[in-house]
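Undergrad: My questions all concern the structure below.
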Amino acid sequence: MMYSIVIFPSSKVQEVANSYRKRYDPGYALVPPYIRLKEAFELDEAKLPELVSHLEQVASSTDSFSAHFHRVSSFHPTNNVIYLAVQNKEPFNELHQKIANQCVNEKETYAYVPHLTIGRDLSDDELRDVTGQLSMAKIDLNSEIDRFHLVYQLEDGIWSVYQTFLLKK
């Protein structure tokens, strides 16, 4: 089964992200807006208890923190994805590293950059147009991050929460 580890930001941040995602993200209906901590990976169900135990240890040793989204950016030319950029990347990087250290030993496809995708699979022209428009928008969104989620993919492509892990207060 396919799994991933994600953070869902506050409902206010999700509302703003969804206002763009419904137009620019074909995955809009499959998963709420999220910040990926570990890209999707295949895992045998027999190894799930070991993973859950590791994630519980990571959560109990990690303080909650705030995220500040401050601008729209893109991964062009590597990937035609536009996203809300996170200003304070360090807590995300630390959490990603803790999870990745013992999680799944697969190599990541891309270097880890904490972000919230608002558009993907855009043509080059559409990407330039949308990025140009959105770069003028004032983005100033905050979200308290006090949990992360192990999610799994259903046969219809929809992602569902398997378990939630609370960070230290």
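Okay, so the sequence shown: first residue is 1 according to this note's numbering, each after it adds one.
C-beta: ideal position from N, C-alpha, C; glycine also.
1. Please state whether DSSP places H76 in a helix, a strand or coil.
2. Would you call the CB atoms of H70 and I118 closer than 7 Å?
3. Roughly how many angstroms separate the alpha carbons of F75 and E50, rounded to a whole number?
4. Can you pull the DSSP bridge partners for T164?
5. Closest to K12 by C-alpha separation, out of G27, N79, P26 and H68, would be which residue?
6. Over what stretch of residues does the beta strand (DSSP E) that includes Y3 continue unbroken?
7. Would you mind listing the alpha helix (DSSP H) stretches within the region 33 to 84 that are 4+ residues and don't spill past its ends, in chain order?
TA: Answer, in terms of the structure:
1. coil
2. no
3. 34 Å
4. H149
5. H68
6. M2 to I7
7. 48 to 60
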